[in-house]
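> This structure is in structure tokens; I'll ask about it shortly.
There are 2 protein chains.
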Amino acid sequence: MPMTLDTVSTNKSHGGVQGVYRHQSRATGTDMTFSVFVPPHADGAKLPVIWYLSGLTCTHANVTDKGEFRKACAELGLIFVAPDTSPRGEGVPDDPEGAYDFGLGAGFYVNATQEPFARHYRMRDYIENELPEIVAGNFPADMARQGITGHSMGGHGALTISLRNPGRFRSTSAFAPIVAPAQCPWGQKALGGYLGDDRSTWKDYDACALIEGGARLPDLLIDQGDADANLELQLKTDLLRQACASAGMAATIRMQPGYDHSYPFVSTFMADHLRWHAERLG
Amino acid sequence: MPMTLDTVSTNKSHGGVQGVYRHQSRATGTDMTFSVFVPPHADGAKLPVIWYLSGLTCTHANVTDKGEFRKACAELGLIFVAPDTSPRGEGVPDDPEGAYDFGLGAGFYVNATQEPFARHYRMRDYIENELPEIVAGNFPADMARQGITGHSMGGHGALTISLRNPGRFRSTSAFAPIVAPAQCPWGQKALGGYLGDDRSTWKDYDACALIEGGARLPDLLIDQGDADANLELQLKTDLLRQACASAGMAATIRMQPGYDHSYPFVSTFMADHLRWHAERLG
Chain V
235 MPMTLDTVST NKSHGGVQGV YRHQSRATGT DMTFSVFVPP HADGAKLPVI
285 WYLSGLTCTH ANVTDKGEFR KACAELGLIF VAPDTSPRGE GVPDDPEGAY
335 DFGLGAGFYV NATQEPFARH YRMRDYIENE LPEIVAGNFP ADMARQGITG
385 HSMGGHGALT ISLRNPGRFR STSAFAPIVA PAQCPWGQKA LGGYLGDDRS
435 TWKDYDACAL IEGGARLPDL LIDQGDADAN LELQLKTDLL RQACASAGMA
485 ATIRMQPGYD HSYPFVSTFM ADHLRWHAER LG
Chain A
235 MPMTLDTVST NKSHGGVQGV YRHQSRATGT DMTFSVFVPP HADGAKLPVI
285 WYLSGLTCTH ANVTDKGEFR KACAELGLIF VAPDTSPRGE GVPDDPEGAY
335 DFGLGAGFYV NATQEPFARH YRMRDYIENE LPEIVAGNFP ADMARQGITG
385 HSMGGHGALT ISLRNPGRFR STSAFAPIVA PAQCPWGQKA LGGYLGDDRS
435 TWKDYDACAL IEGGARLPDL LIDQGDADAN LELQLKTDLL RQACASAGMA
485 ATIRMQPGYD HSYPFVSTFM ADHLRWHAER LG
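Protein chains in written order, with the numbering used here: chain V, 235 to 516; chain A, 235 to 516.
Written as structure tokens, this is what we have:
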């Protein structure tokens with residue numbers, strides 16, 4: 235066990251265990267809370283891991299409560315990890331006006347370089363390096379078989395983390411992701427605030443820019459509701475479609491008629507995504 | 235439409251519509267909020283209705299968020315109705331000490347006779363009479379095909395409402411119900427507080443007492459976690475088992491190893507219950 239993990243709660247569900255855990259993070263310099271579902275499994279088995287990154291305003295709890303992933307994970311034998319979306323607690327700076335789209339609940343999966351955010355807002359480090367060590371050390375996880383997904387800001391996180399770490403994730407998907415933060419108000423505010431005005435530093439955190447810069451994934455599954463109020467201004471799914479087409483990168487991008495941006499949308503397609511990941515995780 | 239219904243929210247989910255609605259209740263003299271999931275269906279179709287009554291501290295939102303019922307309801311063609319657990323708002327008296335197990339969030343599905351609760355705490359009337367009219371008038375509901383279920387205090391509600399209204403519900407189930415409120419602290423506090431000290435008035439609100447008094451259901455499905463911290467003191471599942479055995483009433487009462495009292499338990503067995511109801515609702 236690489237570091238101390240406090241168990242906040244465990245509940246048996248769908249034959250497995252839904253747990254919530256807390257630890258002191260060296261990446262963020264704060265306590266961090268995350269959830270892990272471990273499906274029923276044979277003693278000594280090592281199971282593939284799905285990372286689910288959440289959207290603006292969320293903690294681990296939103297998808298843990300509303301994601302409807304446990305039945306499919308139990309059937310498919312997948313561990314499901316849901317981290318928080320930002321550092322929190324004493325001394326962690328927030329948006330100066332307390333806005334929902336920056337600061338607490340809105341870490342955008344970056345390593346901030348700008349003050350006062352640079353010390354604690356290191357969600358890239360946390361998700362890419364620290365939390366995988368903890369998951370590997372404390373759960374029956376086969377780290378050679380990882381998939382990643384996420385919702386909205388978390389879809390942005392899933393796409394960019396996977397694109398930056400070729401080969402680490404055998405499968406990548408997203409629900410209603412922000413595909414080009416450099417080209418939408420949410421992303422411009424976040425990347426400007428955390429990274430500063432030099433847009434060359436933003437490219438690592440923009441899925442479309444990464445693909446345009448040569449990063450590739452073997453394939454991709456995206457579901458996007460066509461009644462999503464954020465589609466035109468913030469999510470801009472078509473930019474990802476164009477980037478993948480230009481790059482010759484396989485991508486299944488499905489527009490789902492009548493669906494909005496909420497968990498009733500995410501939960502509808504969750505089992506589909508998990509099956510898609512499981513096929514690729516063996 | 236028998237009365238005005240305000241739509242609080244609708245979200246497409248699993249091919250149907252998850253809605254939340256508010257109306258002025260004549261039964262409780264307050265605004266009441268409830269949720270309804272209508273699955274995908276042919277134009278003009280009338281669908282069977284499942285009533286889900288929630289437990290202590292809950293509103294409609296707990297099961298709506300965490301119940302994992304929409305996929306099964308969509309597959310089985312069931313409307314799912316989730317009422318609140320008490321009147322709320324200006325002038326509605328609460329537990330004098332603000333306890334979680336009486337007053338707001340803890341209506342126990344009774345018509346209160348004691349002051350200051352008698353005016354607003356009329357959840358029996360609300361669930362048995364008023365809300366069915368609203369559901370029948372506003373949704374594609376076949377009121378000849380109704381089933382009822384609930385969790386904990388709501389399991390008590392489901393059992394007692396069904397037992398008191400023979401023939402109305404073709405199917406009755408419960409998750410971790412309070413089976414004999416007259417014999418447990420939660421129930422004694424609630425029935426004493428709402429109905430007074432004359433225990434003869436409690437019998438209508440006690441599933442075991444109703445069965446002992448001659449009420450019958452064709453059958454019954456109960457799931458109860460054996461790791462439920464409330465089992466021994468409050469829920470007392472064995473009393474229902476004994477009452478059904480003495481009465482010769484069919485009842486499938488399943489002890490589920492390792493499960494507790496939470497929604498991770500309820501959601502695990504939700505689809506099972508919905509299938510069981512659907513078989514009986516045709």
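Cβ atoms here follow ideal geometry from the backbone N, Cα and C, with glycine treated the same way.
Checking contacts by CB at 7 Å: is A:Thr262 closer than that to chain V?
The residue given as residue 262 of chain A occupies position 28 in the second sequence. False, the Cβ-Cβ gap to chain V never drops below 7 Å.
> Please determine if the segment 292-309 of chain A and the segment 389-406 of chain A are in contact, where contact requires at least 3 C-beta pairs separated by less than 8 Å.
At 8 Å Cβ cutoff, the stretches do not touch.
> Within 8 Å, do at least three Cβ pairs link the segment 502-512 of chain V to the segment 449-461 of chain V?
Yes: the two stretches touch, three or more of their Cβ pairs being nearer than 8 Å.
> Cβ of V:Leu239 within 7 Å of Cβ of V:Asn372?
Position 5 of the first sequence, counted from the start, is the residue given in the question as residue 239 of chain V. Position 138 of the first sequence, counted from the start, is the residue given in the question as residue 372 of chain V. Taking 7 Å as the Cβ cut-off, V:Leu239 and V:Asn372 qualify as a contacting pair.
> Let me know the secondary structure DSSP gives A:His385 once reduced to three states.
Position 151 of the second sequence, counting from 1, holds the residue named residue 385 of chain A. Correct three-state label for A:His385: strand.
> Would you say A:Ser496 faces chain V, with C-beta separation under 7 Å as the test?
As a working mapping, residue 496 of chain A is identified with position 262 in the second sequence. Yes, A:Ser496 counts as interfacial toward chain V.
> So, under 8 Å CB-CB, A:Tyr493 and A:Ala441 are touching, yes? Tell me the CB distance rounded to an integer number of Å.
Translated into the one-based positions of the second sequence, residue 493 of chain A becomes position 259. Translated into the one-based positions of the second sequence, residue 441 of chain A becomes position 207. At roughly 21 Å, the Cβ-Cβ gap does not stay under 8 Å, so A:Tyr493 and A:Ala441 are not in contact.
> Of all Cβ atoms in chain V, is any one closer than 7 Å to the Cβ of A:Ser288?
Residue mapping note: residue 288 of chain A aligns to position 54 of the second sequence, counting from 1. So no, A:Ser288 is outside the interface.
> Exposed or buried, A:Lys246, counting other C-beta atoms within 10 Å across all chains shown (16 or more means buried)?
Position 12 of the second sequence, counted from the start, is the residue given in the question as residue 246 of chain A. Label assigned to A:Lys246: buried.
> Would V:Ala424 pass as a contact of V:Arg356 if the rule is Cβ separation under 7 Å?
Within the first sequence, numbered from 1, the residue matching residue 424 of chain V stands at position 190. Within the first sequence, numbered from 1, the residue matching residue 356 of chain V stands at position 122. No.
> Quick one: list the residues of chain A neighbouring V:Gln252, beta-carbon separation under 7 Å, in chain order.
The count along the first sequence starts at 1 and reaches residue 252 of chain V at position 18. By Cβ distance, chain A contributes Pro498.
> If you draw a straight line from the C-alpha of A:Gly427 to the C-alpha of V:Gln258, how long is it?
Counting from 1 along the second sequence, the entry for residue 427 of chain A is found at position 193. Counting from 1 along the first sequence, the entry for residue 258 of chain V is found at position 24. Near 46 Å, if we compare the C-alpha coordinates of V:Gln258 and A:Gly427.
> Under a CB-based cut-off of 7 Å, is A:Lys300 close to chain V?
Position 66 of the second sequence, counting from 1, holds the residue named residue 300 of chain A. With 7 Å as the cut-off, A:Lys300 counts as an interface residue toward chain V.
> Between A:Asn345 and chain V, is any beta-carbon pair separated by less than 7 Å?
Along the second sequence, one-based indexing puts residue 345 of chain A at 111. Chain V, which has no Cβ nearer than 7 Å to the Cβ of A:Asn345, makes this no.
> If you draw a straight line from the C-alpha of A:Gly278 to the C-alpha of A:Pro374, how long is it?
Mapped onto the second sequence, residue 278 of chain A falls at position 44. Mapped onto the second sequence, residue 374 of chain A falls at position 140. Straight-line Cα distance between these residues: approximately 8 Å.
> Taking the beta carbon of V:Met266 as the centre, do at least 16 other beta carbons fall within 10 Å, making it buried, or is it exposed?
Here residue 266 of chain V corresponds to residue number 32 of the first sequence, with the count starting at 1. Under this definition V:Met266 is a buried residue.
> Applying the criterion that 16 or more other CB atoms from any shown protein chain within 10 Å of the CB defines a buried residue, is V:Val315 buried or exposed?
For the purposes of this step, residue 315 of chain V is taken as residue 81 along the first sequence, with counting starting at 1. Burial call: buried.
> Specify the secondary structure class of V:His257 as computed by DSSP and reduced to three states.
Position 23 of the first sequence holds residue 257 of chain V. If DSSP states are grouped into helix, strand and coil, V:His257 belongs with the strands.
> For chain A, check one thing: does any of its Cβ atoms lie closer than 7 Å to the Cβ of V:Gly339?
Locating residue 339 of chain V in the first sequence gives position 105, where the first residue counts as 1. By this cut-off, V:Gly339 is not an interface position.
> Am I right that V:Ser320 and V:Gly339 are in contact with their C-beta atoms under 8 Å? What's the rounded C-beta distance?
Here residue 320 of chain V is taken as the residue at index 86 of the first sequence, counted from 1. Here residue 339 of chain V is taken as the residue at index 105 of the first sequence, counted from 1. That pair is a contact at about 6 Å.
> If I'm right that V:Ser269 touches V:Val254 with Cβ under 8 Å, what's the distance once you round it to whole angstroms?
Numbered from 1 along the first sequence, position 35 holds the residue referred to as residue 269 of chain V. Numbered from 1 along the first sequence, position 20 holds the residue referred to as residue 254 of chain V. Their Cβ separation, rounded to whole angstroms, is 5 Å, which keeps V:Ser269 and V:Val254 in contact under 8 Å.
> Short of 8 Å Cβ to Cβ, which residues in the segment 454-473 of chain A face chain V?
Listed by position, the residues of the segment 454-473 of chain A near chain V (Cβ gap below 8 Å) are Gly459 and Ala461.
> Does DSSP put V:Phe503 in a helix, in a strand, or in coil?
Translated into the one-based positions of the first sequence, residue 503 of chain V becomes position 269. Three-state DSSP puts V:Phe503 in a helix.
> For A:Pro491, count neighbouring C-beta atoms within 10 Å of its own C-beta (all shown protein chains included) and say buried if the count is 16 or more, exposed if not.
The residue labelled residue 491 of chain A in the question sits at position 257 within the second sequence. Counting Cβ neighbours within 10 Å, A:Pro491 comes out exposed, since fewer than 16 surround it.
> Does chain A have any CB closer than 7 Å to the CB of V:Gly311?
By one-based count along the first sequence, residue 311 of chain V stands at place 77. Answer no: the Cβ-Cβ gap between V:Gly311 and chain A never drops below 7 Å.
> Only counting the same chain, and skipping five residues up and downstream in sequence, which positions put a Cβ closer than 7 Å to that of A:Asp318?
Translated into positions along the second sequence, residue 318 of chain A becomes position 84. If we look at A:Asp318 and ignore the five residues flanking it on each side, its Cβ neighbours are Met266, Thr267, Phe268, Thr293 and His294.
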